[in-house]
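A short worksheet on the structure shown next.
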Amino acid sequence: GAVVSQHPSRVICKSGTSVKIECRSLDFQATTMFWYRQFPKKSLMLMATSNEGSKATYEQGVEKDKFLINHASLTLSTLTVTSAHPEDSSFYICSARGTGGLTEAFFGQGTRLTVV
Amino acid sequence: DAKTTQPPSMDCAEGRAANLPCNHSTISGNEYVYWYRQIHSQGPQYIIHGLKNNETNEMASLIITEDRKSSTLILPHATLRDTAVYYCIVRVGNRDDKIIFGKGTRLHILP
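Here the protein sequences line up with chains A and B, keeping their order.
Position 111 (the first sequence) corresponds to 111 in the numbering used here; numbering is contiguous.
Position 109 (the second sequence) corresponds to 109 in the numbering used here; numbering is contiguous.
See below:
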């Protein structure tokens with residue numbers, strides 16, 4: 001299957017700082033990318049959907065000013081957690097869907113964010 | 001909201017077939033049944049999907065009932081590496097739909 005890479009895989013940051021997570025589709029062009037967060041022993045929760053070149057669509061209850069999403073190219077989307085707090089500590093996962101007839105979505109390996 | 005119901009956990013002996021059920025009684029005619037799994041601390045992995053016919057690939061088989069209200073994912077010879085949370089999801093399967101995860105089934109493969 002297609003490969004989606006997230007970076008970093010783990011990050012620790014101080015409260016009040018911002019952290020950026022990258023999601024890249026390595027061998028296909030991703031017109032749509034999805035961002036999820038997952039708390040321990042819980043399921044994935046969809047945060048937002050981004051389409052290349054347009055603004056992201058956020059799910060209800062997700063603060064768009066806190067979780068900035070940029071999908072500037074067909075192979076890269078970024079999630080920036082601004083002014084991070086300990087409650088933002090979570091596992092963040094991206095998913096990418098390709099162009100044309102490719103309707104399947106492929107997932108990154110996830111990023112473990114710890115805010116101290 | 002997830003449109004599927006799965007048992008929260010299951011056990012299966014190593015080497016035996018693991019049969020994971022999923023109920024999707026409100027599935028629409030144009031919705032597919034997708035299965036993903038998530039091994040601990042990794043991103044989800046696509047397994048298989050189907051519309052109404054049974055499907056098989058190198059990882060698993062998918063059996064969908066004739067009324068399409070339920071399905072079963074079969075891992076024919078489970079190994080310890082199959083220990084994961086398995087998610088059954090119904091979706092239209094086009095480029096615009098979202099993938100909404102339910103609680104899934106935590107499968108334990110017992111040595």
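Even for Gly, the Cβ is constructed at its ideal location relative to N, Cα and C.
Please read all numbers here as calculations on a predicted model, not as lab measurements.
When the alpha-carbon of B/Thr65 is set against those of B/Asn53, B/Tyr36, B/Pro8, B/Ile109, the nearest one is in B/Asn53. The beta carbon of B/Pro21 sits no closer than 8 Å to any beta carbon of chain A.
Listed along the chain, the chain B residues whose CB falls inside 8 Å of the CB of A/Gly108 are Gly43. Minimum Cα-Cα distance from B/Gly50 among the listed residues B/Ile39, B/Asp82, B/Ile109, B/Ser70 corresponds to B/Ser70.
Of all residues in the stretch 46-63 of chain B, only Tyr46, His49 place a beta-carbon less than 9 Å from a beta-carbon of chain A. DSSP assignment within the stretch 5-90 of chain B yields the following whole beta strand (DSSP E) runs of 3 residues or more, N-terminal first: 9-13, 18-23, 32-38, 45-50, 61-64, 70-75. When the alpha-carbon of B/Gln6 is set against those of B/Met59, B/Tyr36, B/Arg16, the nearest one is in B/Tyr36. A/Ser25 is classed as buried because its beta carbon has at least 16 other beta carbons within 10 Å across all chains shown. Ranking A/Gly110, A/Leu113, A/Gly98 by CA distance to the CA of A/Ala2 puts A/Gly98 first. If you keep only unbroken beta strand (DSSP E) runs of at least 3 residues inside the stretch 35-61 of chain A, you get 45-51.
When the Cα atoms are used, B/Gly93 and B/Leu73 turn out to be separated by approximately 18 Å. Taking C-alpha positions only, B/Asn57 is separated from A/Gly16 by approximately 47 Å. The residues Lys20, Glu22, Asn70, in chain order, have a CB closer than 6 Å to that of A/Thr78 in the same chain once the five nearest residues on each side in sequence are set aside.
When the alpha-carbon of B/Ala84 is set against those of B/Gly102, B/Leu20, B/His108, B/Leu75, the nearest one is in B/His108.
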